[in-house]
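Residue numbers (this note's numbering), protein chains in the order written: chain A, 7 to 427; chain B, 7 to 427; chain C, 7 to 427; chain D, 7 to 427. Glycine included, every Cβ here is placed at the ideal spot set by N, Cα and C. The structure presented is a predicted model; accordingly, all values stated were derived computationally and were not measured.
Listed below in structure tokens is the structure:
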């Protein structure tokens with residue numbers, strides 16, 4: 007999964023003597039695991055079990071699946087133990103064909119047992135065993151690498167847990183709040199400016215070096231870029247409102263053909279979670295319904311909406327090579343993490359930004375053998391790359407080389423756009 | 007809704023002075039309400055919220071809806087009060103067009119809030135108000151009639167609560183148990199014999215008299231019957247197994263055309279909840295998986311399967327007039343209530359019995375005006391009548407005139423068949 | 007299939023010596039076969055192959071299937087011959103499980119070959135062989151009985167051919183005409199009056215005697231009727247327009263629950279083939295679009311619409327026993343055949359009349375063994391009985407005992423209603 | 007649409023004086039129009055009207071639509087005339103939002119009128135008017151450009167006409183032949199060899215120069231390529247058979263996630279049109295069923311199957327830049343056109359070759375304003391690029407810069423693959 011590891015690692019299966027690394031991992035492990043529970047702390051027990059659409063998963067499933075990942079990827083190979091909970095394997099295997107049968111994804115919301123208490127006990131048991139393993143100093147570099155992957159994996163699920171819950175609670179006519187948010191403002195965003203890339207030439211993109219990265223972020227490689235420019239910030243809600251009011255959702259010539267089909271089939275008239283009560287646009291947030299803040303970045307857009315907006319604005323979406331080239335040099339500080347509503351900070355990392363690039367392997371990419379190789383590679387079809395991270399992304403996931411990906415019709419992520427030209 | 011009421015009732019809107027009736031109602035009310043909670047007592051909180059198919063409802067919904075029924079049918083007209091929980095009305099109105107908007111039925115399982123605790127508090131508040139009303143001696147006969155309807159309504163939902171939960175838990179690969187059951191036996195059922203109705207002539211069917219009955223049980227009316235015979239007991243699981251082993255599910259000529267379509271489309275090979283592990287048939291019950299008891303009445307059959315079995319056996323399903331005529335005279339004692347698995351008692355009331363009669367109004371039937379009139383009449387299309395009551399039916403619902411009804415493809419009720427010829 | 011046969015027939019497999027019967031059959035056979043072609047004569051070749059919905063069949067299929075029926079039901083048993091067109095059997099077997107595999111019904115419109123010319127040649131060959139068989143005087147009563155069934159079968163398909171073509175041509179935005187019709191009038195229908203059946207008592211319904219009847223028209227049997235009345239004529243288009251204008255399609259309380267679901271799911275606002283251009287109602291006919299004639303019987307109604315209209319009018323639909331009892335005694339002359347648009351004649355036989363009776367076997371009904379037994383019996387589920395015959399029904403099919411049947415949502419037949427009370 | 011035009015064109019709306027160009031166009035026009043009819047000449051009239059799936063169109067529709075394209079793109083602007091066939095516009099507008107309403111694509115197969123004769127008369131009328139226009143010497147360069155586009159457009163529809171008819175006839179259990187083909191051979195293909203591109207560096211791809219090209223073939227631009235190699239020929243049927251026999255369709259780890267979903271959902275076990283009768287693989291061709299020729303290029307593959315095969319073979323699909331770079335320099339002669347079954351010639355142009363590139367705009371691409379701009383650009387989402395041309399491609403369409411595109415699940419085109427590494 008991880009393409010790079012810490013150097014030097016002479017024998018990946020010999021015990022690791024890198025004590026400081028283990029120590030950091032223990033702290034990271036405990037912090038990540040605590041965060042998952044903290045995200046769930048405001049929930050009612052009833053909120054944990056429902057699956058509001060096939061693309062989403064219940065919160066209880068996220069808590070169990072991320073634990074199962076440590077069990078099968080870290081504990082089982084390191085300790086040569088059988089399943090801790092016989093029968094659960096099929097429930098919490100997400101999509102690893104190499105790991106055997108699995109409960110069909112659209113049926114994750116039909117499973118009431120194990121109850122939440124049992125899942126929490128399972129979490130504790132696995133955590134205890136992982137900490138014992140780390141304390142024993144017998145963990146091999148390979149084990150530590152899988153542990154690091156498991157942490158990043160759980161962090162990805164933390165963002166999904168948030169977006170899945172938001173989608174679920176929106177289905178309720180009562181539109182319940184789940185967290186608090188600061189008041190929304192009502193001023194416009196900063197004026198939009200452009201960062202220019204003036205000369206044609208080759209660039210290098212992709213992950214390099216010692217830090218953690220997913221396999222799909224490499225290999226680092228060269229690409230040819232023609233001159234272009236990127237906007238200094240994502241499109242704001244106020245700007246997107248102008249698109250709506252100009253009839254953007256009713257003009258087929260602004261849309262890709264598949265996008266226009268989606269507009270008509272789904273009856274889209276605004277971003278997901280927006281509603282119009284008597285001419286006044288409001289939106290559902292983790293704190294319930296509230297007025298649109300025109301300065302906030304627009305989000306909960308599909309790729310189709312992002313693309314149509316860009317066409318309407320006389321611009322286009324950037325390629326991921328363009329995005330990464332400027333982000334790594336000119337984007338400055340990323341936004342703060344874990345606010346669950348994008349803010350008008352002007353920083354990057356507020357909303358995922360749809361690119362014009364289909365999700366495909368970089369030149370020379372090879373998936374690892376075994377279950378680990380199923381993590382990213384097999385999804386390289388029918389999806390578009392998003393860059394930048396969002397207000398719901400865990401710290402560390404907001405980095406220039408990170409490649410997020412979703413089908414072009416997906417709207418339940420905190421996804422917006424940045425204009426290119 | 008109720009076609010008959012206690013005599014004499016000079017003014018349905020004047021205060022009732024029938025003290026003994028009120029007293030019985032208080033006890034009945036408290037007992038019925040307690041039973042709903044008792045049925046739920048072995049459940050985990052997670053079991054209350056999921057809807058496993060469009061025809062089913064979450065347990066929490068049943069608890070709230072039956073309470074809402076008392077609120078809108080009893081309290082609101084009697085006390086002239088507005089909604090106790092603004093916003094909940096749309097969630098817990100099942101299908102009463104006369105009472106305004108309602109959350110779409112297939113989306114009942116997307117509602118996590120109000121949480122179970124809030125629903126239980128709502129139940130207590132409504133119960134308290136109903137008891138106050140009864141204690142005040144100001145309740146009119148009309149109010150008492152609606153209260154009695156509400157009790158029967160809640161009892162109907164108790165049976166649905168059981169069958170919906172059974173369906174939900176079956177979706178779980180772990181096949182969890184929820185109640186205990188006595189061991190299954192392995193002997194055959196009593197030999198099947200016939201009760202003859204020897205002479206052609208008119209009979210009267212339908213409800214008559216003072217006891218409670220739903221509007222669809224009347225008016226009592228005459229029908230012409232030709233000679234016929236009914237079996238002394240329902241078809242047993244052992245007998246149904248012989249049908250399976252004789253290839254009954256693979257022979258189209260045994261089936262109605264719609265039934266054969268269902269067999270092929272759904273891949274039916276046995277009753278719902280039956281599975282075949284290496285030649286050994288087992289079935290899911292409220293106590294989890296267990297072996298088939300050949301002496302138990304076969305159930306969880308669709309009308310199509312009941313009809314095909316009867317054809318295979320050289321017999322047919324009875325009409326509801328035939329069934330009621332013999333049941334009211336010759337069926338003896340009904341089975342005990344609330345066992346949640348049909349037993350080989352030989353009594354009636356173990357499983358609902360599909361009839362050959364489409365659900366239609368009796369001659370002279372008229373639905374009441376208002377919401378009450380939507381209770382039964384508007385469903386008189388596309389459904390078949392079942393008679394007799396099941397192991398999950400509340401006491402009192404097992405009576406000869408009771409008309410249960412489901413679409414011919416429904417299998418999640420405790421429904422079997424009794425042969426006629 | 008046919009429950010009654012000509013008397014006396016001592017040995018159904020001995021050669022028939024009933025010369026006059028054979029002679030009539032020859033003439034009938036030639037006339038029926040000519041009529042099928044005459045109905046198609048105004049068509050373009052392209053009109054013969056398309057299937058506009060799963061319930062309909064292409065005209066070419068009707069021509070081939072009715073011929074195949076004579077081949078397998080008459081020629082094959084009588085002459086002990088194999089298939090005349092190997093490979094076609096699977097294409098033109100409609101639903102006879104006893105006769106082997108069949109092309110799936112919804113795929114009848116994906117078959118361009120055999121071409122129409124080949125089908126017409128097949129028709130001629132089968133006709134020649136049937137006429138040879140009749141001329142040979144070797145046909146057994148059983149063969150003649152199957153021949154008579156084949157003729158009635160082809161006549162039923164003639165009506166379907168008309169209604170299927172009408173449905174197909176309506177899909178075309180050009181709304182092409184296919185036949186001519188007299189001008190539509192604009193006066194109202196005769197005032198509606200009532201025929202009373204004053205006394206409760208038993209009646210006999212069902213086929214009896216020597217004439218041809220389908221098996222589902224018998225056995226003749228007794229039923230008990232309470233006093234009732236039927237309208238002297240079907241509901242007119244002008245009357246139905248008043249229902250529309252009174253908001254009938256927007257008031258859920260007028261509808262059966264399944265009917266209201268259909269209204270909302272399908273967006274029904276008027277009968278099939280009606281369109282409203284700027285406040286002016288027009289309808290598609292076999293002669294293209296034309297104004298609504300208020301005096302014509304309303305048709306192209308589903309059972310749900312007929313039922314809702316009756317409720318709106320303070321009446322109800324008749325049972326088939328009520329209908330047959332009055333029709334056989336009081337209905338007078340039937341309408342002329344083959345006009346393809348109902349006329350305001352006031353006669354019966356203009357439009358099929360939905361009844362309140364689900365399609366079910368009469369007491370004592372038994373399907374014949376073999377393919378013949380699949381003709382009617384296996385469809386006795388999920389459908390409603392229609393009585394009376396329509397402007398598209400062949401002569402002879404308009405008789406008091408005839409039981410037509412369609413699912414309650416079907417609208418493409420010439421189906422209206424007559425009020426009862 | 008066309009990005010390049012003949013030089014120099016001082017005023018696109020002034021009459022063209024380029025007589026030789028016009029003369030060539032007259033001959034091309036006549037030849038292309040004749041070819042469309044010639045492709046249809048072996049058909050029965052019934053073959054012209056059926057639409058076998060939403061992605062396909064009836065042959066009659068292709069004949070009318072390509073004619074309509076000349077009417078609205080050439081005649082209407084040049085002659086300022088209204089519609090030649092009022093009412094047909096909506097039927098034969100394919101997807102041009104700029105040109106108004108259109109009949110829904112999945113309903114093209116429900117239109118029997120205008121009949122084929124009327125469509126042929128329409129073709130003649132439009133052809134006569136176009137030839138008059140060309141003879142008048144008043145056609146502007148803009149008009150001639152649109153005429154050239156119309157010819158290329160009709161040629162694209164010729165290939166679709168072939169693949170749509172093949173798909174339609176395959177639906178028929180009789181598996182009718184429509185053309186003749188030479189006997190299939192039984193020897194293996196030439197040994198597969200590799201063409202190497204040894205050095206990393208920039209290349210230029212995309213259309214350049216005077217010849218016709220679609221707008222999506224440009225602008226010509228630079229890309230960076232790492233060293234790679236392409237196979238000398240497409241994968242053969244014999245090689246693909248080895249993949250099948252090795253269990254390729256049963257091993258999820260060979261497949262993209264979407265591809266494996268398609269395998270399971272659709273039950274794929276072999277390429278489209280392949281059937282296995284008792285261990286012997288046969289395939290449907292325009293000449294009916296015949297044995298698999300192992301030397302022929304494999305085709306009727308989805309992108310998913312091509313990708314899985316490449317992974318199984320330890321290789322990958324080429325990007326379109328890789329493909330075009332080698333094709334333009336090393337591929338030699340293209341295959342002969344119009345054979346309707348790929349041959350083992352070893353030339354390119356036998357089967358379309360799926361690439362690893364999602365269909366996206368080249369850097370600097372801009373769609374033209376108006377209907378012309380809808381030709382290609384709005385489909386740049388959710389599709390994959392195919393290169394090379396097939397046995398059904400018209401001459402001239404087999405060129406190195408041509409970008410064909412289809413959704414990754416499409417199988418009814420003559421699409422195979424060439425390995426890269």
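Excluding sequence positions up to five away, which residues of its chain have a Cβ less than 8 Å from the Cβ of residue i?
i, result
"residue 136(B)", "35, 76, 80, 81 and 153"
"residue 367(D)", "222, 383 and 386"
"residue 149(D)", "22, 80, 83, 84 and 139"
Mark residue i as exposed unless 16 or more other C-beta atoms lie within 10 angstroms of its C-beta, in which case mark it buried.
i, result
"residue 92(C)", "exposed"
"residue 114(A)", "buried"
"residue 100(A)", "buried"
"residue 66(B)", "buried"
"residue 38(A)", "buried"
"residue 106(C)", "exposed"
Would you mind giving the Cβ-Cβ distance between residue i and residue j, rounded to the nearest angstrom? I have them listed as a contact below 8 Å.
i, j, result
"residue 319(A)", "residue 425(A)", "6 Å"
"residue 232(D)", "residue 268(D)", "Not really, about 30 Å apart at Cβ, beyond 8 Å."
"residue 332(B)", "residue 203(B)", "6 Å"
"residue 121(D)", "residue 52(C)", "5 Å"
"residue 195(B)", "residue 301(B)", "4 Å"
"residue 240(D)", "residue 422(D)", "5 Å"
Grouping DSSP H, G and I as helix and E and B as strand, with all else coil, what is residue i?
i, result
"residue 42(D)", "helix"
"residue 263(A)", "helix"
"residue 87(A)", "coil"
"residue 306(B)", "coil"
"residue 5(C)", "Residue 5(C) falls outside the range modelled here, since chain C spans only 7 to 427, and no answer is possible."
"residue 12(B)", "Per-residue confidence for residue 12(B) stands at a pLDDT of 34, beneath the threshold of 50, marking its modelled position as unreliable; the derived number appears in the next sentence. Residue 12(B): coil per DSSP, three-state reduction."
"residue 250(C)", "helix"
"residue 59(A)", "coil"
"residue 256(D)", "helix"
"residue 410(A)", "strand"
Under the DSSP definition of a beta bridge, which residues are partnered with residue i?
i, result
"residue 242(B)", "303(B)"
Between which residues of its own chain and residue i is the CB-CB distance below 7 Å, once the five residues before and five after are set aside?
i, result
"residue 314(A)", "254, 260, 261 and 265"
Looking only at its own chain, which residues have a Cβ that is under 6 Å from the Cβ of residue i, when we skip the five neighbours before and after it?
i, result
"residue 341(C)", "351, 353, 355 and 356"
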